[in-house]
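Taking it in order: structure first as structure tokens, then the write-up.
In mature numbering (1 follows the signal peptide of the UniProt record, and there is no 0), the protein residues as written are -20 to -1, 1 to 166.
Here you go:
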């Protein structure tokens, strides 16, 4: 009977340790410095802009993240792109976890009017993990999908757009970063 209690106690310590390895604390986040919440890249007649609404978000606060493509030429132009004109590659740096995305369609056409931003907000969709990714990573992805905010962490985001404007294939990239603080314990 005593042996069973010792085994059970050891199992609980191991289980608690596994959960703690996936946690991010505010003390752990203090060492990360946010570099930029706005970035834009200009290529010929096109601008890709990436924006995080803030450098730091509180626990439970929705993250404002969007990308814009702006045509700075004359009149209108039609671009052909994948399922989203702006793709968001997100990495949580403390845990070294990437938030993958899925491309659902491969040829969508969008009209851009000169000077009018075409905006795409980041939406949690197509986020997945594979069986062999590990239990902690899969748990992080499931937690990420369930909540309206982001789990605590330091995030870097690379927005990319790849499209054809009828003459050439273009690829632009912009980067921002932000923190999400953990809930304060009372």
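Glycine included, every Cβ here is placed at the ideal spot set by N, Cα and C.
Own chain partners of residue 93 with C-beta closer than 6 angstroms, once the 5 adjacent residues on each side are dropped: Excluding residues up to 5 positions away in sequence, 56 lie with their Cβ nearer than 6 angstroms to the Cβ of residue 93 in the same chain.
Inter-stretch contact (C-beta, 8 angstroms, three-pair minimum) for the segment 74 to 82 and the segment 148 to 158: At 8 angstroms Cβ cutoff, the stretches do not touch.
Coil, strand or helix - residue 149 by DSSP: Of the three classes helix, strand and coil, the one that applies to residue 149 here is strand, per DSSP.
At least 3 beta-carbon pairs within less than 8 angstroms: the segment 3 to 14 vs the segment 115 to 124: Inter-segment contact for the segment 3 to 14 and the segment 115 to 124 is absent: fewer than three beta-carbon pairs are separated by less than 8 angstroms.
Cβ-Cβ distance between residue 141 and residue 87 below 8 angstroms: No.
Closest Cα partner of residue 143 within the set 16, 41, 27: Among 16, 41, 27, the Cα nearest to that of residue 143 belongs to 27.
Cβ-Cβ distance between residue 48 and residue 98 below 8 angstroms: Less than 8 angstroms divides the Cβ of residue 48 from the Cβ of residue 98.
Identified DSSP bridge partners for residue 78: According to DSSP, which records beta bridges pairwise, residue 78 is partnered with 71.
Assigned exposure category for residue 101 - 16 Cβ within 10 Å defines buried: Exposed, because fewer than 16 other Cβ atoms sit within 10 Å of the Cβ of residue 101.
Through-space distance from residue 29 to residue 75, alpha-carbon basis: Those two C-alpha atoms are separated by around 27 angstroms.
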